Structures are given as structure tokens and as C-alpha cells.
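Protein chains in written order, with the numbering used here: chain S, 2 to 290; chain R, 911 to 1178.
Written out as C-alpha cells, the structure is:
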């Protein structure tokens, strides 16, 4: 089955690149994205486990919220209804899966030294990495996020929002969140240029992401004294903003403000990413003598 | 047997010394693990501060539940941590080398990768157990104090058995990374919370088919004197952790032996 899917992907690839013949740079980045998509097709069992994992987490958190919101007290004090918080749990996890990125690849290349090969090639390594991640992400969209969404719509009594504006806002907030997530991963990977033992930094990143991204608990539930601080680190703009906007917890007008903040984070992280990459290249040259 | 134990300990000490070579990075790893686990705890603490209790379990009781899990996970990782990368040993052929040595291959694997990072587990587990029993007013009788290590032993056998069983799968499939990820790590998220929040079918599953509930949920009932009102089964179930541990580990060990004999006969 996967073979046939792979064959079809190749067909589509050829057609697609024929059409793009006049744009060599775009074609190159797209090729990286396609290759990464195809690579993912090779791991069938991993795929299955990924889907089961996603459903497991959705099951845990919908059970948790249903239990807590069973008493009518909870919904009054939190700003969520039971349906609201259940669909938050479901869509936060689906959006999280739909954003899956390979956050070890660049780090691995830096540690092994293979990164030097990418530096001498005539492309922008940041762009290539992004393209590769987009390819992988598209794979996760079709093969993980979509089936999990289907299962959830059938078994977890959640429904999709009716208003088309929610979908447009999702497209914008998702893309921004995705870029923020990518650059956070990029910056954590860059640490490997200066520090040999990077696993500790990864652990810290996972910890902060778990707590502050909104993947598990929405920002609204944080105690008042932490909430302002959480708004000043990038993590909540990755999952909380797209999820809360999509399910309508953040209104359309309010969403504009959040999108502006996301934009500011994309710009700031983009600048820092570029600067750190420059510094890293220098660092590598010095080491090489 | 005494010789085997001596060799095992020598190998463990060698492994610890290898890890301690980079002291600064070791200390930093410890800190990072603290951050990682504090984030996990943070999720539970935030939910509880906001809503008071989860399925009738207060902050102190939840801390005890979590502490029992993390502490026994720490002991499990000390003893069985190296099994998680068993796939690597099969692929590289490293396991074949162990087979020709005059010491049980399982002993050699267990001694090879002593995970010293589990200091963080013990630290967090002990803190959570201490805080949990204090704030939920556990009355420590002599019996309870003596029974705690027995329960932890049972919980370690359940988790160790699980890791051994998952590692044994490698003898047939060579790779098991995804299975480790799902059965050893992700599944544990289920028992961060009292399993009474789940549908009864899932509670049944976590009791009989995949008995993670015996690691912390059932024994916590005994230590916290919660009574049996929330239990699906007869209240005696809260004492069964050690027995379940022995059964799970015995089954896993049988699978492991079967796997080794199959692996050897394939002409490797």
C-alpha cells in the first residue's frame, strides 16, 4: 500500500516539477520537501505508533477534562464549557501532530561534522532545513493528523467550527506558529556548535514546550501571577494561539492582536536565527584552522 | 551466583565512572532532568490549583500517586535502563559478543548502561512521596513503612518486566524503537492521573491486560487509606502489586528465554 502511495507521490512530483521548470530556486527547495516526504513513507510501523500515541494522549486529556468539568463549578470559573475544553484538548493535539518537525537532524549534522558539507553547497541551509521540515510536516498532515481528526470526529463527540473565518485564521496562526516552532528548534540545534552535550538542552526545551505551548493546558488556566510571563516567551504562540483561535475561544477581533504578536516573534526569531548562524559559521571556521 | 553478582557490581561501577568523567555536563543533565520533570508536575499542579481536585484526589494525594510512579521508575531505570537500547545491540552485533562470555547475557546487558541520571528520579520521587504523605495526612504505621519497599519492588518488577518483554521482541523483529516509545514511555502518561478518570473499559485494560495501575493507583489506595468506593474490583486488589510484579516479570523472562533460543538457532 505504501509502495503504491510512494509511486503516486513520484508521479505527482514529476508533473509538479515540469510545471516549475522556469523557477530553479523554488524547484530546488520543493525537491527537498518532496524527498523528505518520501523518506517518511518508509517507516510504516513508526507511523502506526504515531497515530496510536496521538489518540492515547487525546483519550487521556479528554477523560481528564470531562471528569473535572463534570461538576458545573469548573466551567464557571475557567471560561470554558465542557464541550469547549474537550475540543481544545482534541485540536491542540491534532495541531501539535500536524506541526511535527525533525528537531534532531540539524543537531546531529553539527555533532558529526556533516554540516560542513551543507555549508559549502550553493544553497541557504536554513531554507533547505525548513523545506525538509515542511515536506515531513505535509506527510504528518495527511497520514497522522487527518486520520486522527476523523477518528475524533466520530468517537470523541467534537465538531468542526462552522464559520469559514475560523479556517482562514487557523491557516495564518498555524503558519506563524509553525515558523516560531521551527526557529526555536533551529536555535536549540545551534547550541551544538558551542556545547558538546546537547541532550540536556533538548530536555529543557521539551519541558518548556510541554508546559507553556498550550498543547496540554490552555493559557487561561495558569495562575494569574504566571500568565503575563508566559505571554512573553514564544511557546504559547506555537499551539495555544492556533488552537484557541480555531475553536473560537479567541474571538476574531482578539485573534488579530495575537497574529501581530506572532508576527513580531517570527521577525525577532528570524533575526536571531540569522545572527546565530553567522556566528556559528565563524566558530566552525576557527575550529577548522 | 555470588561471583555473578560481584562481576555485575564491578561492571556497574565501571559504567558509573565512565559517566562521571564529565562532571559539569553530568550536573547540567541533572538540572535539565529536573526542569523536564517539573514541567510534568507543573501540568498537574496548575490543573489542581485551578480546579481543586481530580476525580476526588487532592494535590497531596496526586503527589503521592506521582511519587510512587517516579520513584519506582528511577529504580527500574537503574536496573533495566540499558534494555531500552537493546535494538542497538542486536543491530550492531554487540549482543553476539555477550553470548560467548561465561556470564548470563541479561546480567551483562543490565550492567552495561548504568543510567546515573536517575538521581533526578529519586530526588523528585522522594520529594513527591514526602510532600504527598505529609499533606494528605498519611499515618505511617510500622506495617505501612515496611510495605512501601515491597510495593516499590513490585512496581519495579512490573516496569522491568515490561522493558524486558519489549526488548525480547527484538529477537524476532530486530527493531523495537517505536514499541519502546509507545509501551515504555507514552503509556506511562496514563498513570499520571488516577485511572478512575477513564472509561471503565480502560480501567479494566490497565488492571488486567496491561497492569500499569498496580504501579501506583491501587497501592496508593492502601497508603492513603482511601477505602474501596472508587475501585471497580474487590478492595483486596490494593495489595496485589507484588504478586502482579512477579507474574509480569516471569512472563517477560519466559519470552526473553524463548527469544534467545530462537535467536541462537537461527545461526547467528
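By construction, the Cβ of each residue, glycine as well, lies at the ideal position given by its N, Cα and C atoms. Predicted, not measured: the structure shown is a model, and the values here were computed from it.
Secondary structure of residue 1166 of chain R (DSSP, three-state): helix. Between the alpha carbons of residue 999 of chain R and residue 1014 of chain R lies a distance of about 15 Å. DSSP places residue 149 of chain S in the helix class (H, G or I) of the three-state scheme. Using a Cβ-Cβ cut-off of 9 Å, residue 939 of chain R is close to 198, 200, 201 and 204 of chain S, given in chain order. Listed along chain R are 946, 949, 950, 952 and 953, each with a C-beta nearer than 9 Å to that of residue 211 of chain S. Of all alpha-carbon atoms in S:115, S:267, S:206 and S:48, the one lying nearest the alpha-carbon of residue 144 of chain S is that of S:48. According to the DSSP assignment, residue 187 of chain S belongs to the alpha helix (DSSP H) that extends over 165–191.
Taking CB atoms only, residue 974 of chain R has no neighbour in chain S less than 7 Å away. Take the alpha-carbon of residue 249 of chain S and the one of residue 1077 of chain R: they are about 45 Å apart. At a cut-off of 7 Å between C-beta atoms, residue 1103 of chain R counts as an interface residue with respect to chain S. Among the CB atoms of chain S, one or more fall inside 7 Å of the CB of residue 959 of chain R. The segment 97–109 of chain S makes contact with the segment 172–187 of chain S; the number of CB pairs closer than 8 Å reaches 3 or more. Under the three-state reduction of DSSP, residue 964 of chain R is assigned to strand.
With contacts defined as CB atoms closer than 7 Å, residue 967 of chain R and residue 1059 of chain R fail to qualify as a contacting pair. By the neighbour-count criterion, in which 16 or more other beta carbons inside 10 Å mark a residue as buried, residue 1171 of chain R falls on the exposed side. Counting C-beta pairs with one atom in each stretch, the segment 1122–1129 of chain R and the segment 1055–1072 of chain R have three or more that are closer than 8 Å, which means they touch. Selection R:927, R:1032 and R:975 evaluated against residue 1042 of chain R yields R:975 as nearest (Cα-Cα). If you look at residue 1001 of chain R, you'll find it in the alpha helix (DSSP H) that goes 996–1002.
Contact annotation for residue 1092 of chain R against chain S: 50, 53 and 54 [CB-CB distance below 7 Å, chain order].
In terms of Cβ geometry, residue 213 of chain S and residue 237 of chain S form a close pair [threshold 7 Å]. Identification of chain S residues near residue 1099 of chain R by a Cβ-Cβ cut-off of 9 Å yields 57, 58 and 61, ordered along the chain. In this structure, the alpha-carbon of residue 205 of chain S lies about 14 Å from that of residue 193 of chain S.
Just so you know, the alpha carbons of residue 1006 of chain R and residue 990 of chain R end up roughly 19 Å apart.
Taking every protein chain shown into account, the CB of residue 1174 of chain R has fewer than 16 other CB atoms within 10 angstroms, so this residue is exposed.
In this structure, the beta-carbon distance from residue 1061 of chain R to residue 1151 of chain R falls below 7 Å. A contact between stretches requires three or more CB pairs, one per stretch, nearer than 8 Å, and the segment 1026–1039 of chain R fails this requirement with the segment 955–962 of chain R.
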